[in-house]
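**Q**
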Amino acid sequence: MKYLSVCSGIEAATVAFKPLGWEPIGFSEIKGFPSAVLKHHYSETPNFGDMSDYESWNFRRPGPESDEFLLCGGTPCQSFSVSGLRKGLSDERGNLTLTFVKLADHFNPDWIIWENVPGILSSKDNAFGCFLAGLCGESEPYVPVRKWTKSGVVSGPKRTVAWRVQDAQYHGVAQRRRRVFVVAVPGTDNWECAQALFPVGEGMFWDSPKSRETAKETPGDAGKSTQSSGFKPLISFKSNMGSHGGEQKDLSPPLMKNQENAVAFTVSKNSNGYAWEKEHSPSIDTTGGSNVNQQYGVRQNMMVRRLMPEECELLQGFPMGYTRISWRNKDPKDCPDGPRYKALGNSMAVPCMRFIGERIQMIKDQHGR
């Protein structure tokens, strides 16, 4: 499988697909720091920049005689996120959702994977219905009976499209990160897209959340810089309840839900300093928990500290140190935390993409492709 990744960020897709032997043949990223990460790790893969300029790219999809071709990407989520203004498709960033459809029609891939926040399912302008209709080749938006469900399949004259909300915590990482994943394939009533997302009746095992009593203690300051804190990431260990029921390797973060002395908390500022509220394995965002009034902390016995960039990397499924690069002529050891937190918060969770990639590879193998 060869693939084009747009809105590439720091390329969770490539980290996820590398064990499958899939080959990236093009990226599309405009932000400075993520582009530097791509150049650092994948210098031989061209970065075409703005996805809106796809018609002028020096790029052609692989011919039908070669491997199958996949288009993947997670268009900007801010216009659909509950933490944003939710302007939907009227926002320039939200409108890139429809640009993604045009790009898909232009390159005509054999497979499409797309990701976004669940907020797109409740966008007031029915952005998700417009997106599905565009991929399927319909002239009018799909309209749900009441509201868009967390999973489903639609079929049109151009493609069949399946979607599903997946939570990264059930794929072996210690954060609650719910995202909508869409898989599309050419043709009417082509149910391979559903097979890639719904392992119905296949006896798969999943990690499940465990209850824990709310912590009552009050720790010290959790907001100090990680660069000079002296803390080291907690020791990693493997989970035997990965997304496929087998042993999960390399992707397991140092913070897991069933570690008694290492728990991710929401840490809020009060008159007496900082106090943790409750264990909730928070979703990694673009700040890394640097918000003044609310931070993400890690409990270690009676202390709480802010998550380190390396831990955010592992919580997203990246190798430790993946974003520690030479930036603005500085040595990698002096790479600032801020752009690393932002890039990681904007990224997909690697294990979720790995799950979909392995499902697609399974389908290809079944059909001898």
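Residues in the sequence shown are numbered consecutively from 0, following numbering that gives the first Met the number 0. Yeah, the Cβ is synthetic: ideal placement off N, Cα and C, and Gly gets one too. This structure is a prediction, so every number in the text was calculated from the model and none was measured.
Give a yes or no on whether the C-beta atoms belonging to ARG178 and VAL100 are separated by under 8 Å.
**A** By one-based count along the sequence shown, residue 178 stands at place 179. By one-based count along the sequence shown, residue 100 stands at place 101. Cβ distance not < 8 Å, so ARG178 and VAL100 don't count as in contact.
**Q** In terms of alpha-carbon separation, which member of LYS157, ALA173, LYS149 lies closest to GLN165?
**A** Your numbering for residue 165 matches position 166 in the sequence shown. When only C-alpha atoms are compared, the closest one is LYS149.
**Q** Of all the options LYS38, ALA195, GLU309, TRP326, which has the alpha carbon lying nearest to the alpha carbon of ILE362?
**A** On the sequence shown, residue 362 is found 363 positions in, with the first residue counted as 1. Closest option to ILE362, Cα to Cα, is ALA195.
**Q** Can you say whether ASN125 is buried or exposed, counting buried as having 16 or more other CB atoms within 10 angstroms of its CB?
**A** Walking along the sequence shown from the start, residue 125 turns up at place 126. ASN125 is buried by the Cβ-count criterion.
**Q** CA-CA distance, PRO308 and PRO331?
**A** Translated into the one-based positions of the sequence shown, residue 308 becomes position 309. Translated into the one-based positions of the sequence shown, residue 331 becomes position 332. So the two alpha carbons sit approximately 13 Å from each other.
**Q** To the nearest whole angstrom, what separates the beta carbons of MET347 and ALA35, a pair I think is in contact under 8 Å?
**A** Reading the sequence shown from its first residue, position 348 is the one you call residue 347. Reading the sequence shown from its first residue, position 36 is the one you call residue 35. Not quite, the Cβ-Cβ distance comes to about 19 Å (not below 8 Å), so this is no contact.
**Q** Is it the case that the Cβ atoms of CYS135 and GLY72 are separated by a distance below 8 Å?
**A** Translated into the one-based positions of the sequence shown, residue 135 becomes position 136. Translated into the one-based positions of the sequence shown, residue 72 becomes position 73. No, Cβ-Cβ distance for CYS135 and GLY72 is not below 8 Å.
**Q** Helix or strand or just coil, what does DSSP make of THR74?
**A** Here residue 74 corresponds to residue number 75 of the sequence shown, with the count starting at 1. Coil, per DSSP.
**Q** For PHE47, decide whether its Cβ has a neighbour in chain B, counting only Cβ atoms nearer than 8 Å.
**A** Although the question refers to chain B, the structure presented lacks it and comprises just one protein chain.
**Q** Who are the Cβ neighbours of PRO61 in its own chain at under 7 Å, not counting the five residues just before and after it?
**A** Against the sequence shown, residue 61 aligns to sequence position 62. Once the five neighbours on either side are set aside, the close Cβ partners of PRO61 are LYS1, PHE68.
**Q** Which residue comes first and which comes last in the beta strand (DSSP E) that contains TYR2?
**A** Locating residue 2 in the sequence shown gives position 3, counting from the first residue. First-last of the beta strand (DSSP E) with TYR2: 1-5.
**Q** Using 8 Å as the cut-off, can you tell me whether the stretch 103-113 makes contact with the stretch 139-146, which would need three or more C-beta pairs spanning the two stretches below that distance?
**A** no
**Q** Does the beta-carbon of VAL14 have 16 or more other beta-carbons within 10 angstroms, so that it is buried, or is it exposed?
**A** In the sequence shown, counting from the first residue as 1, residue 14 sits at position 15. Flag for VAL14 reads buried.
**Q** How many angstroms separate the CA atom of HIS366 from the CA atom of TYR321?
**A** Counted from its first residue, the sequence shown places residue 366 at position 367. Counted from its first residue, the sequence shown places residue 321 at position 322. Distance between the alpha carbons of HIS366 and TYR321 is about 35 Å.
**Q** What residue does the alpha helix (DSSP H) around PHE197 start on, and which one ends it?
**A** Within the sequence shown, the letter at position 198 stands for residue 197. It is not in any alpha helix (DSSP H) - PHE197 carries neither H nor E in the DSSP assignment.
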